[in-house]
Every structure is written in structure tokens, then in C-alpha cells.
Amino acid sequence: KLYLSKPRPIKFDTPNGYAWMYFYPPKNAKSSAPPGTLPPLLLKSHGGPTASASTQFNLGIQYWTSRGYAVADVDYGGSTGYGRAFRDALKGQWGVRDVQDCAAAAQYLS
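If you count the sequence shown from 1, you need to add 13 to reach the numbering used here.
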């Protein structure tokens, strides 16, 4: 428990409307970032185009969070699980909307 980061769902605004992410803060019982600073951030986007992020235990995410990194696992427009309109938002926008939504996630967390 001293090293396990728990995901927090976040809905955030994007240039295209909104998207979702699971945010995993750094978690290390023996060290922490200096006060008033933000940890380095790793953005993770699922494969797809139509798939979704999951809160299932992921050793890769836990590896980074236990070493002082924050991880944002992004469900960009086109991800499944948020209704047909959200899933269809990526049609004709591969490599555009997904990238814009990931950039918006980083800006939201900065």
C-alpha cells in the first residue's frame, strides 16, 4: 500500500469538447517532490482507435508512480464506454483528435 497509486477519474475540457483520464499520482513512502513543485508526467493513450483506459492493476503504471512520476491514462474522443457520439468523434480524425485530447490532459494537469 505504501507504493500503490490509486487512479482518480477526471473529466476535462478539450478543444473538441471534453475527454476523460485516470490520473495516478506519484506514490512512494520514502520520498516526495519538493513542496510547490509538480512531478514529471507520463501520458498514456490506449490503442484503438476504439478501446478505453482501465483501472485494472497495471505494473507499468505502478513502476513509474513508485519512482516519482505521475501518470495520466487518457480516454480521448473515440474511446469506448462513453456512448456512441463520443466513440464516433474520432472518425476521420485519427492522429488529430486523440493527440489534441492528450495535449489537453497535460495542460489540465499543469
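Glycine residues also receive a C-beta, built at the ideal position from the N, C-alpha and C atoms.
In the DSSP assignment, the residues bridged to threonine 27 are Gly30. Between the C-alpha atoms of alanine 46 and leucine 56 there is a straight-line separation of about 19 Å.
Asparagine 29 places its beta carbon 7 Å or farther from that of glycine 108. In the structure shown, the three-state DSSP call for alanine 85 is strand. By the Cβ-count criterion, threonine 27 is buried, with 16 or more other Cβ atoms from all chains shown falling within 10 Å of its own Cβ. Along the length of the stretch 61-109, whole beta strand (DSSP E) runs at least 3 residues long occupy 83-88, reported in chain order.
An exposed status is given to aspartate 101, since fewer than 16 other beta-carbon atoms sit within 10 Å of its beta-carbon. By the beta-carbon neighbour count (other beta carbons within 10 angstroms, threshold 16), tyrosine 37 is buried. Assignment of leucine 56 by DSSP, reduced to helix, strand and coil, places it in the strand class. It is roughly 7 Å from the alpha-carbon of leucine 54 to the alpha-carbon of alanine 85.
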